[in-house]
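In the numbering used here, the protein residues as written are 43 to 458. Beta carbons: idealized from backbone N, C-alpha and C, even for Gly.
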Amino acid sequence: MMFIADLHIHSKYSRATSKDMEVTTLYKWAKWKGIKVLGTGDFTHPHYLAELKKDLEPLGNGLFKLKNKGDEVCFMLTSEVSNIFSAQGKGRRIHTLILAPSFEVVDKINKQFSRRGDLLADGRPTFGFNLKELVKMVLDVSSDCLLVPAHAWTPWYGLLGANGGFDSIEEAFENETKNIYAIETGLSSDIAMNWRLSALDKISLISNSDAHSPHKIGREANVFTCECDYYEIIDTIKKKDRDRFLCTIEFYPQEGKYHYDGHRKCNVSFSPQQTKKHNYLCPVCKQRLTVGVMHRVETLADRPQGFRPPNAIPEIHLIPLEEIIAEAVNRQVGTKTVREEYERLVNHAPEFEILLKLPLDELAHFVPPKILEGIIRVREGNVLITPGFDGVYGEIKIFPESKKTKKEPIKQAGLF
């Protein structure tokens, strides 16, 4: 069967997250979105784990469903951890996503982690040991677990990030590299940017939302055609199986908050070429600029822009339906007008079916003309984006004619 999976989110016990990030609310939003498999997030937090054990029941295949509900939405036990340590004379700060098949396995992992850090401090706990210790600790509990470097290109806390990261997977994991089968590309990079590194050809490139609020789930996701089963999903990722891993759904990387270089305090946003011209210094305050993902990819790449490896798993760029509605009706995401229209539309069909699957003549029966025009433009990739930088999200325009802009058009003709 074909289904959409978002494997990296956070719970209400992580910093800067919505109080609604718990499985009963997430179940509702996953149904609206059309997500079949959703990560729980934060299984390391004792209070949240107790809630998960109370609210979920196992399906017998490594996945879980909400008690007293059907299996329209399945949950996978997931968590993200932070490792801060020194290696090769440099401070390292790396986030890693962990996937696990059962509460029994999670309990054993948490027992090991509790000896090394405070699991109550945050939904994403912080440890002082290195990455190869992390991999060995988790896989010694269960070889069925999967560890994935999270948002690998983010300047801070990304495996390949410009600040606190490494230049390669091998440098980071040493003799445990053999147990790293995938990286998460993150919001500020997409699959095509990662194709520029031949060293990544041997692993899977996965995409997840890293959502901190329910309406953000699915902004990035993976499309599988395997059985809806934990072990099948893990095997598909490990084998980079093109027949079972159909594609990823991508945020436009320019909209990510670390795509370009820059300095937020001084509102300076630079391309890599501009950064080099200014010797990596902010022209306003003369402090060092935050080097973004695009620049970092350029630094490590051994292939030209536009290179596509043979048999590569493709990507589709989307803009969330709420954002399309908001621009069409000239309101902000999260307002009553936008939320009511969103709920009306997804009660006709899930969001991903509206954005990707349903024919236009069918959509025209229940989608207002301006919103339908926005969906068409997103399907064609006919959007304009101002790149994000130094923690500031990029700005996306679907209807640029409504406002004068200097944004550069982005095309994805042929994906649909």
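| Query | Result |
| --- | --- |
| Identity of the residues DSSP links to Y302 by a beta bridge | F431 |
| N-terminal and C-terminal residue of the beta strand (DSSP E) that R135 is part of | 132 to 142 |
| C-alpha gap between L397 and Q374, whole angstroms | 20 Å |
| Touching by the beta-carbon criterion (3+ pairs, under 8 Å), the segment 164 to 172 and the segment 219 to 239 | no |
| Beta-carbon separation (whole angstroms), I46 vs V388, contact threshold 8 Å | In fact, because the Cβ distance is near 14 Å, the residues do not count as touching under 8 Å. |
| Residues near L188 by beta carbon distance below 6 Å, same chain, minus five either side | L141, I276 |
| Expected contact under 8 Å - CB spacing of N321 and D48 to nearest Å | Not a contact, Cβ separation roughly 40 Å. |
| Residue from S144, G207, R330, T290 with nearest C-alpha to L247 | T290 |
| Contact check, S53 vs G165, beta carbons under 8 Å | yes |
| Straight-line Cα distance separating Y223 from D283 | 12 Å |
| For H257, the three-state DSSP class (helix, strand or coil) | helix |
| Terminal residues of the beta strand (DSSP E) in which M118 lies | 116 to 129 |
| contact_flag[the segment 317 to 331, the segment 291 to 305] where n(CB pairs < 8 Å) is 3 or more | yes |
| Contact between the segment 118 to 129 and the segment 57 to 68 (3+ Cβ pairs under 8 Å) | no |
| Own chain residues within Cβ distance below 8 Å of V380, not counting five before or after | E364, I367, A368, V371, R373, Q374 |
| Beta-carbon proximity of H50 to L139, cut-off 8 Å | yes |
| Within 8 Å, strictly: CB atoms of L181 and N125 | no |
| Helix, strand or coil at V339 according to DSSP, with G and I counted as helix | helix |
| Burial state of A194 (16 or more Cβ within 10 Å) | buried |
| Close-in-space but distant-in-sequence residues of the same chain around D459 (CB under 8 Å, 5 per side omitted) | A question about residue 459 goes unanswered here, because the residues of the chain that appear run from 43 up to 458. |
| Segment limits, beta strand (DSSP E) that includes G81 | 79 to 81 |
| Beta strand (DSSP E) segment containing L247, residue limits | 246 to 248 |
| Alpha-carbon spacing of F312 relative to R238, whole angstroms | 21 Å |
| V339 to V434 span [Cα, whole Å] | 19 Å |
| Coarse secondary structure for Y223, derived from DSSP in three states | coil |
| Alpha helix (DSSP H) segment containing E214, residue limits | According to the sequence provided, residue 214 is Ala. The question's Glu does not apply to it. It spans 211 to 215 - the alpha helix (DSSP H) in which A214 sits, taken as one unbroken run. |
| Proximity to I417 [Cα-Cα], best of G260, T219, I361 | I361 |
| Stretch pair the segment 92 to 103 + the segment 411 to 428: three plus CB contacts closer than 8 Å | no |
| Inside the segment 140 to 181 only - alpha helix (DSSP H) runs reaching at least 4 residues | 145 to 156 |
| Cβ-based neighbour list, R134, same chain, cut-off 6 Å, excluding 5 preceding and 5 following | F127, G206 |
| Residue range of the beta strand (DSSP E) that includes G48 | The residue asked about is misnamed: residue 48 is Asp in this sequence, not Gly. It spans 45 to 48 - the beta strand (DSSP E) in which D48 sits, taken as one unbroken run. |
| Environment of H257 [buried if 16+ CB atoms lie within 10 Å] | buried |
| Separation of F208 from W38, as counted between CA atoms | Since the first and last residues shown for the chain are 43 and 458, residue 38 lies out of range. |
| Buried/exposed call for Q315, threshold 16 Cβ in 10 Å | exposed |
| Sequence-distant residues of its chain with Cβ nearer than 8 Å to A343 (five each side left out) | R238, L239 |
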